[in-house]
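Below is one structure, written out as structure tokens; comments come after it.
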Amino acid sequence: MTRSDLVEELAARFAQLTHRDAELAVKSVLDAMSDALVKGHRIEIRGFGSFSINRRPPRVGRNPRSGESVQIPEKRVPHFKPGKALREAVDAGTLAQANDTENGRK
22 MTRSDLVEEL
32 AARFAQLTHR
42 DAELAVKSVL
52 DAMSDALVKG
62 HRIEIRGFGS
72 FSINRRPPRV
82 GRNPRSGESV
92 QIPEKRVPHF
102 KPGKALREAV
112 DAGTLAQAND
122 TENGRK
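Quick note on our numbering: the sequence shown kicks off at 22 and runs consecutively.
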């Protein structure tokens with residue numbers, strides 16, 4: 022699902038929202054989440070999951086062309102951990118799709 026798909030889905034679910042309002046709502050939520058992560062905060066959405074920042078320590082890598090050692094600096098990367106409810110829903114959906122395929126249904 023892309024950002025555009027999310028906007029379309031939101032506008033379809035809530036008839037009182039125009040496409041522009043749905044677009045603004047999605048942009049506002051994503052901007053707020055991005056700002057929180059940039060500041061190093063953790064975001065927890067019960068039943069869905071949590072977003073946090075993981076630190077990757079500095080390390081020594083290799084330049085593939087010359088083979089010389091290169092120092093790779095420390096890096097902070099966003100990380101998502103799905104909540105239990107989301108994991109179970111995805112697993113149940115996966116199992117249901119697998120069972121439908123085995124039984125000749127699509």
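Using N, Cα and C, we set each Cβ at its ideal position, and we do this for glycine too.
Query raised in the report: Would you report the Cα separation of A53 and E65, rounded to the nearest angstrom?
Result: 13 Å
Query raised in the report: Does DSSP put R41 in a helix, a strand or coil?
Result: helix
Query - Contact check, L102 vs G61, beta carbons under 8 Å - result: Checking the displayed sequence, the identity of residue 102 turns out to be Lys instead of Leu. Taking 8 Å as the Cβ cut-off, K102 and G61 do not qualify as a contacting pair.
**Report entry** Cβ-Cβ distance between L27 and G68 below 8 Å
**Finding:** no
Query raised in the report: Hey, out of L45, F35, A36, whose CA is closest to S25's CA?
Result: L45
Query - Per-residue DSSP class, three states only, for K60 - result: coil
Query raised in the report: Should A113 go down as buried or exposed, given a rule of 16 or more other Cβ atoms within 10 Å for buried?
Result: exposed
Query raised in the report: Near V111, what residues of its chain come up, given a Cβ to Cβ distance below 8 Å and the 5 sequence neighbours on each side ignored?
Result: P103
**Report entry** Cα-Cα separation, K105 to K96
**Finding:** 28 Å
Query raised in the report: Would you say L58 and P99 are within 8 Å of each other, going by their C-beta atoms?
Result: yes
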